[in-house]
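> Sharing a structure with you now.
In our numbering, the protein residues as written are -1 to 122.
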């Protein structure tokens, strides 16, 4: 786990006026993490019988949806694509992480119509 020992470096990195070319965009970071986790999980959610598939990475199971939700509108299409991957959702729920998906969708704010319906459907 990586964390800041003092708030000053994170304030500096988040303020483009102060950090210039070293500035970070938190939404872009979340989108990149979500894309990476989704790509890395494709081999685990491919075709074949469930017994032939490898198990989904625990971090991907817990946090892919969260990162895509926190990325904002720029990741909306990717979030919809992920929520339409039934094998991915099956493995997330089988791992006991379905509640994390609901929490992430619930805190996301504005969702696409598909993501809103997925949240409503999964919460039943």
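Glycine included, C-beta positions come from ideal geometry on N, C-alpha and C.
1. Does DSSP classify residue 0 as helix, strand or coil?
2. Is it the case that the Cβ atoms of residue 100 and residue 121 are separated by a distance below 7 Å?
3. Measure the alpha-carbon distance for residue 109 versus residue 10 and round it to whole angstroms.
4. Do you know offhand how far residue 84's Cα is from residue 116's?
5. Could you name the residues of the same chain whose beta carbon sits closer than 8 Å to that of residue 56, not counting the 5 residues immediately before and after it, in chain order?
6. What do you reckon, are the CB atoms on residue 76 and residue 66 nearer than 7 Å?
7. Assuming residue 78 is part of the alpha helix (DSSP H), what are its boundary residues?
8. With residue 109 as the anchor, note down where its alpha helix (DSSP H) starts and where it stops.
9. What would DSSP say about residue 94, mapped onto helix, strand or coil?
10. Quick check on residue 47: buried or exposed, where buried means 16 or more other Cβ atoms within 10 Å of its Cβ?
11. Can you list, in chain order, the residues of its chain with a C-beta nearer than 7 Å to that of residue 58? Leave out the 5 residues immediately preceding and following it.
12. Only counting the same chain, and skipping five residues up and downstream in sequence, which positions put a Cβ closer than 6 Å to that of residue 68?
13. Counting along the chain, where does the alpha helix (DSSP H) carrying residue 11 start and finish?
This is what the structure gives:
1. coil
2. yes
3. 30 Å
4. 11 Å
5. 93
6. yes
7. 74 to 81
8. Neither: residue 109 is in no alpha helix (DSSP H) and is coded neither H nor E.
9. coil
10. Unreliable placement is indicated for residue 47, whose pLDDT of 46 sits below 50; the coordinate value is still reported in the next sentence. Burial call: exposed.
11. 35, 38, 39
12. 28
13. 5 to 12
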